[in-house]
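Residue numbers for the first sequence follow our numbering, so the first one is 9 and each next one is one higher. The structure under discussion appears below in the form of structure tokens.
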Amino acid sequence: MKMNPFREEAIVRLAAATGLPPEQIDSALTYPPTPELGDLAFPCFAAAKARRQAPPAVAQELARGEFQKPSDRIASAAAAGPYLNITFHRHAFAEWVLGEARSAAEDLSRSAEGGGRVVAIDYSSPNIAKPFHVGHLRSTIIGGALYRIFEALGYRPVGINHLGDWGTQFGKLIVGFKRWGSEADLKDILALNRLYVKFHDEEKKSPQLAGEAREWFRKQEAGDPEAMRLWQAIRDTSIEYFKRIYDRIGARFDAYAGESFFNDKMEPAIHLAEKAGLTQVSEGALIIDLSAHGINTPALLRKADGSTLYITRDLAAAIYRYDAYRFDQLLYVVGSEQSLHFQQLFKILELLGYPWAKSCNHVAFGRVLGMSTREGNVVYLEELLDEARERALKNMRENVEKRPEVEDEAAVAEAVGIAAIFFSDLSNRRIKDYQFDWNRAISFEGDTGPYLLNAHARIAGIIRKCGIEPARSLKDLDCRLLPEPEAHRLVMQVSRFPEALRQAAEELEPAVVAGYLLDLAKGLHASYQVLRVKGEEEKLARTRLELFVAVKRILAAGLRMLGIPALERM
RNA sequence: GCACCCGUAGCUCAAAGGAUAGAGUGAUGGCCUUCGAAGCCAUAAGUUGCAGGUUCGAGUCCUGCCGGGUGCGCCA
Numbered sequence: 009m010k011m012n013p014f015r016e017e018a019i020v021r022l023a024a025a026t027g028l029p030p031e032q033i034d035s036a037l038t039y040p041p042t043p044e045l046g047d048l049a050f051p052c053f054a055a056a057k058a059r060r061q062a063p064p065a066v067a068q069e070l071a072r073g074e075f076q077k078p079s080d081r082i083a084s085a086a087a088a089g090p091y092l093n094i095t096f097h098r099h100a101f102a103e104w105v106l107g108e109a110r111s112a113a114e115d116l117s118r119s120a121e122g123g124g125r126v127v128a129i130d131y132s133s134p135n136i137a138k139p140f141h142v143g144h145l146r147s148t149i150i151g152g153a154l155y156r157i158f159e160a161l162g163y164r165p166v167g168i169n170h171l172g173d174w175g176t177q178f179g180k181l182i183v184g185f186k187r188w189g190s191e192a193d194l195k196d197i198l199a200l201n202r203l204y205v206k207f208h209d210e211e212k213k214s215p216q217l218a219g220e221a222r223e224w225f226r227k228q229e230a231g232d233p234e235a236m237r238l239w240q241a242i243r244d245t246s247i248e249y250f251k252r253i254y255d256r257i258g259a260r261f262d263a264y265a266g267e268s269f270f271n272d273k274m275e276p277a278i279h280l281a282e283k284a285g286l287t288q289v290s291e292g293a294l295i296i297d298l299s300a301h302g303i304n305t306p307a308l309l310r311k312a313d314g315s316t317l318y319i320t321r322d323l324a325a326a327i328y329r330y331d332a333y334r335f336d337q338l339l340y341v342v343g344s345e346q347s348l349h350f351q352q353l354f355k356i357l358e359l360l361g362y363p364w365a366k367s368c369n370h371v372a373f374g375r376v377l378g379m380s381t382r383e384g385n386v387v388y389l390e391e392l393l394d395e396a397r398e399r400a401l402k403n404m405r406e407n408v409e410k411r412p413e414v415e416d417e418a419a420v421a422e423a424v425g426i427a428a429i430f431f432s433d434l435s436n437r438r439i440k441d442y443q444f445d446w447n448r449a450i451s452f453e454g455d456t457g458p459y460l461l462n463a464h465a466r467i468a469g470i471i472r473k474c475g476i477e478p479a480r481s482l483k484d485l486d487c488r489l490l491p492e493p494e495a496h497r498l499v500m501q502v503s504r505f506p507e508a509l510r511q512a513a514e515e516l517e518p519a520v521v522a523g524y525l526l527d528l529a530k531g532l533h534a535s536y537q538v539l540r541v542k543g544e545e546e547k548l549a550r551t552r553l554e555l556f557v558a559v560k561r562i563l564a565a566g567l568r569m570l571g572i573p574a575l576e577r578m
């Protein structure tokens, strides 16, 4: 969708009249609290300061001067205290919006503003051999949403799944396998999980197990054949399991470069740090002291036993990623509890002299609280999705007389369940701890994913049943037939889609898109009793239908970005 | 103890430093012979944790408290 020419004209005229730079006016423009006041609002405080006048006087002057000139786009402007409220010729505006929505049917949101710049996004990145639970889901869906938002804005995103497939946890699993496991367990993700849990239980009683695990990981890093064989088997089993989950929730990645991929790249990275004079040996370990930079915890590059750590691999990975992708931004979608780790990492990159260090960003998100079964265990993702699907199915069957149109009941239930889970997560600003509640996460009423699906399916129903063919071209429409406040509200909301995407990308916050879609769906739900299509005069019916079609396209595009497929019937 | 994050309606959350702080949920009361009621409309609910400060203007920025979360050398 192109830049709004109505807004553009307002900016040009305000710039001419006030002498302020257009960019400043663009960023100052807001919206009036109610649509009756107008379609754009210009707060006159900055202009007043520049001219040493009172803001209301400036607003008056603009309304009586510059905005008296006739225009095809701007109908009027009125001073309201320190604000200048600008009202469009609404039929012309509607015509422009519907035309945009129509001509850009393949992808409404497609924009050139990203200019093909690369945004590398590290997300999901589960730890192999640990169960995939709801905490991993947050990274997966936030990262996936950012990926698609950047893509829509014309950036070139690269999705990287930095699998946790190297580290001491393999030592733990190998010890568990050696002591309590069988060969068959290597092929069974649940059995591997049990071994991992058992190791931790036993470790409390027998602390020497931790040392054994470290020793196995040391052997693994040294290339010990037995350790490598077991590592390979466990890794294969885990990846197969992850792919099944990703398939179910529609997660995709461009690269699966796990931590093990950087085995041969860690020593060069360590050498760089040594050459730069950053490192020192402390208690037998190789560290970087960052206390001069306000970080009181030193970063450990190498343990006393010679094996490497998480940050060593992340350091090598960042350097590799810049070489491979020449990214404009590198994003890490990882829980906020790791913020110290990323502070250290980014500071080290900066100290190594990489100018792109400042382009690295930790997209932190809060913890998932209250997430456990009756037995007090964490809930695995698959259980969660199954439960959501079952609740959706139950709901559908209870109201079967109201939903006679659903053909594939099971598929719809799955989609509704996923919409509920995804949206309840994505609708919160990511930094907040996420208070998980079964009833809320799987709720289908109010501000939920299914509410959005319902708006989409409702429009699909109108299109199917209204009895008229959609307009072939804009000539079949007459936007003067859309005088209702409900219609204007929808037109305004549709026009603001690109704005929502831009803000979401800027703040790295998919919740902005989620909130936007809720507004749009509310506007739709509040309008369709008033804006009837069926049985109306043909031109009126076509014009209203066209508006609904535009809303439907935006809902589908926005939902898709959040990882939620839209439904025609539900 | 130090560092980072969070305190907004009973609950879960919104609000680029800008107009009368808004939604959902729960509560109460209405709306299905008319394109789908997973919907709509209405009512009730607030000292934005506390105290200062900056600003024409602060829920938003700064300082100090209070409360909660997370992290703090050989896990990831």
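Note that CB positions come from ideal geometry on N, CA and C, so glycine has one too.
- Under the 10 Å beta carbon count, residue 441 is surrounded by fewer than 16 other beta carbons and is classified as exposed.
- CA-CA distance, residue 106 to residue 123, rounds to 26 Å.
- By the criterion of a C-beta distance shorter than 7 Å, residue 512 is surrounded in its chain by 157, 518, 520, 521, once the five residues flanking it on both sides are discounted.
- In the structure shown, the three-state DSSP call for residue 456 is coil.
- Taking 3 residues as the shortest admissible run, the stretch 331-404 contains the following complete beta strand (DSSP E) segments, listed from N- to C-terminal end: 337-343, 368-373.
- If you look at residue 82, you'll find it isn't in any alpha helix (DSSP H); it sits in the beta strand (DSSP E) that goes 82-88.
- Separation of the CB atoms of residue 538 and residue 494 is rounded to 5 Å, and the pair is thereby assigned contact status at 8 Å.
- For residue 166, the uninterrupted beta strand (DSSP E) segment begins and ends at 164-168.
- Ranking 389, 28, 302, 577 by CA distance to the CA of residue 143 puts 389 first.
- It is roughly 8 Å from the alpha-carbon of residue 83 to the alpha-carbon of residue 98.
- When the five nearest sequence neighbours on each side are left out, the beta carbons in the same chain lying within less than 6 Å of the beta carbon of residue 14 are those of 81, 96, 101, in order along the chain.
- Excluding sequence positions up to five before and after residue 241, its CB lies within less than 8 Å of the CB of 194, 195, all in the same chain and listed in chain order.
- For residue 270, the three-state secondary structure derived from DSSP is helix.
- Contact check between the stretch 199-218 and the stretch 172-188: three or more CB pairs, one atom from each, fall below 8 Å, which counts as touching.
- Comparing alpha carbon positions, the residue from 178, 17, 246, 265 closest to residue 78 is 17.
- Under the three-state reduction of DSSP, residue 42 is assigned to coil, being neither helix nor strand.
- Here residue 263 carries a strand assignment [DSSP, helix/strand/coil].
- Under the rule that a run must span 4 or more residues, the alpha helix (DSSP H) segments found entirely inside the stretch 177-214 read 197-213.
- The alpha carbon of residue 253 has as its nearest neighbour, out of 394, 373, 320, 327, the alpha carbon of 394.
- It is roughly 52 Å from the alpha-carbon of residue 93 to the alpha-carbon of residue 300.
- Taking the Cα of residue 375 as reference, the smallest distance to any Cα among 249, 147, 450, 321 is reached at 147.
- Less than 7 Å divides the Cβ of residue 560 from the Cβ of residue 464.
- Annotated three-state conformation of residue 289 is strand, per DSSP.
- Straight across, the Cα-Cα distance linking residue 191 with residue 198 is about 14 Å.
- Under DSSP, residue 488 shares a beta bridge with no residue.
- When 396, 364, 306 are compared, the shortest CA-CA separation from residue 290 is found for 306.
- Residue 40 places its beta carbon 7 Å or farther from that of residue 64.
- For residue 369, the CB contacts under 8 Å within the same chain, skipping 5 residues up- and downstream, are 337, 338, 339, 340, 516 in chain order.
- The beta-carbon distance between residue 359 and residue 284, rounded to whole angstroms, is 7 Å. This is short enough to meet the 8 Å contact definition.
- Residue 286 holds the alpha-carbon nearest to the alpha-carbon of residue 309 among 32, 286, 329, 303.
- Considering only 103, 450, 228, 250, the residue with the shortest C-alpha distance to residue 425 is 450.
- Around the C-beta of residue 274, 16 or more other C-beta atoms lie within 10 Å, and the residue is accordingly described as buried.
- Secondary structure note for residue 254: its alpha helix (DSSP H) is the uninterrupted segment 233-257.
- In the DSSP secondary-structure assignment, residue 294 is bridged to 289, 310.
- In the DSSP assignment, residue 416 falls outside any alpha helix (DSSP H), carrying neither H nor E.
- The shortest CA-to-CA distance from residue 444 to any of 430, 527, 460 is the one to 430.
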